[in-house]
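Final position of the sequence shown in this note's numbering is 1352; the numbers increase by one with none missing.
All C-beta atoms, glycine included, are put in the ideal place defined by N, C-alpha and C.
Let me begin by presenting the structure, written as structure tokens, before commenting on it.
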Amino acid sequence: MSCGCSLPPDQPRWRRARCAPCFSVLRKDGDRKYRKNRSAAAKQGQVDYKKAWYGRSAKAKLQAKDYNLRRTYGITLSEVNAMLAAQGGACAVCGTKTPTAMGGKGKARHFTVDHDHATGIIRGILCGHCNAALGLLRDDPTTIERALAYIRRHQ
């Protein structure tokens, strides 16, 4: 399919054959054909995989969490639990005992490990909202103090 347009020679080689509108139409048609022609077996395989992944045992989920903590922060799940217990089982910033998660429709999931991005040192265990707030304020004490002053000024 070609609209008869002339393409400039400075476009990348893979794009020279078609203009952007033609390329877009072909891409959409290809995607539609792919979705329509997928075999029932392939679709069922995807469903089975998702059921197996999300239906894992509690032990397997804890093992995966422990592995991810060791890989990312160099600590184990038992060390995280000990840190949380030392904080009284609550977020180190707001003191909530109910973990909150950003995204995921606000479902309570687990507390998060807070660390300094410059040094990698673990600072504590936070709820999702507090961890996101610190990240959005770029862990900058000056910005956090200004935000606090702003909130107090407008109460």
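Under DSSP, the alpha helix (DSSP H) around residue i begins and ends at which residues?
i              : result
glycine 1321   : Here glycine 1321 belongs to no alpha helix (DSSP H); instead the beta strand (DSSP E) covers 1319-1323.
glutamine 1243 : 1237-1251
aspartate 1263 : 1255-1270
alanine 1282   : 1274-1283
Just checking residue i against the ligand NAD - is the residue's beta carbon closer than 7 Å to any of the ligand's heavy atoms?
i            : result
proline 1218 : Although the ligand NAD was asked about, the structure shown includes no ligands whatsoever.
Here's the rule I'm using: 16 or more other beta-carbon atoms within 10 Å means buried, otherwise exposed. How should residue i be labelled?
i              : result
cysteine 1291  : exposed
aspartate 1311 : buried
arginine 1350  : exposed
proline 1338   : exposed
valine 1277    : buried
leucine 1323   : buried
Which class does residue i belong to by DSSP, given the choice of helix, strand or coil?
i               : result
valine 1310     : strand
proline 1296    : coil
methionine 1198 : At methionine 1198 the pLDDT is 45, less than 50, meaning the model places this residue with poor confidence and gives no usable figure here.
Would you grab the beta carbon distance between residue i and residue j for me? Rounded to a whole angstrom, and I think it's under 8 Å.
i            : j            : result
alanine 1344 : glycine 1325 : Actually they do not touch by this definition, with Cβ atoms about 18 Å apart.
leucine 1266 : leucine 1259 : About 10 Å; that fails the 8 Å criterion.
For this session: Scan the stretch 1321-1348 and note each continuous alpha helix (DSSP H) run of 4 residues or more that stays entirely inside, going in chain order.
Result: Counting whole runs of 4 or more residues, the stretch 1321-1348 contains the alpha helix (DSSP H) stretches 1325-1333.
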